[in-house]
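Let me begin by presenting the structure, written as structure tokens, before commenting on it.
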Amino acid sequence: MASVERDENRENRIETEIVVDAEDKEERAMGWYYYLDDTLEFPFMGKWKKKSRKTSTIEEKPVEVLGMAPEDDCLKDMYVEVAYIGGKEDDIYTAKLSDIEAIDVDDDTQEAIADWLYWLARGYKF
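Quick note on my numbering: the sequence shown kicks off at 606 and runs consecutively.
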């Protein structure tokens with residue numbers, strides 16, 4: 606069951622801009638991938654909220670979101686590449702976009718992330 610109420614504006618954007626003409630899972634995934642890649646203003650700062658394996662608590666790590674992960678990595682979920690703030694330059698990780706809380710981003714970036722979170726909250730699948 607969906608955990609958020611239906612939003613007609615988002616539904617319309619998803620239908621007419623994101624998954625328009627998509628006939629299967631892969632096409633829907635790529636619709637989302639290209640929408641996010643085109644709309645998100647990279648790089649941006651964020652908090653990566655991930656569950657600790659040892660304690661099951663949620664850890665928040667400050668990160669710089671560098672861009673979308675490769676297409677092939679995004680056929681089941683949307684992933685971004687992140688770097689820890691103050692970490693080593695070559696320490697790049699892949700994180701679920703849904704685990705990132707964007708900080709001080711432009712309106713288009715905020716809306717695109719909210720669209721993705723809405724899609725997930727509604728229980729939609731590729």
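The beta carbon of each residue, even a glycine, is placed where N, CA and C say it ideally should be.
- Taking the Cα of V685 as reference, the smallest distance to any Cα among E620, W637 and I619 is reached at W637.
- Around the beta carbon of V625, a 10 Å sphere encloses fewer than 16 other beta carbons of the protein chains shown; the residue is thus reported as exposed.
- The alpha-carbon of D712 is positioned some 26 Å away from that of E664.
- In the structure shown, M683 adopts coil according to DSSP, grouped into three states.
- Per the C-alpha coordinates, the member of L645, I619 and K659 positioned closest to I705 is L645.
- The shortest C-alpha to C-alpha distance from A688 to any of A700, D677 and I623 is the one to A700.
- In this structure, K681 sits away from K666, with a CB-CB distance that is not shorter than 8 Å.
- For K654, the enclosing beta strand (DSSP E) stretches over residues F649 to K656.
- When the five nearest sequence neighbours on each side are left out, the beta carbons in the same chain lying within less than 6 Å of the beta carbon of V710 are those of F649, in order along the chain.
- Counting only the Cα atoms, D695 lies some 25 Å from Y639.
- Nearest to N617 by C-alpha distance, out of K730, W724 and E632, is W724.
- Between M673 and L722, the beta carbon gap of about 16 Å keeps them out of contact (Cβ cut-off 8 Å).
- Annotation: the continuous beta strand (DSSP E) that includes I705 extends over I705 to I708.
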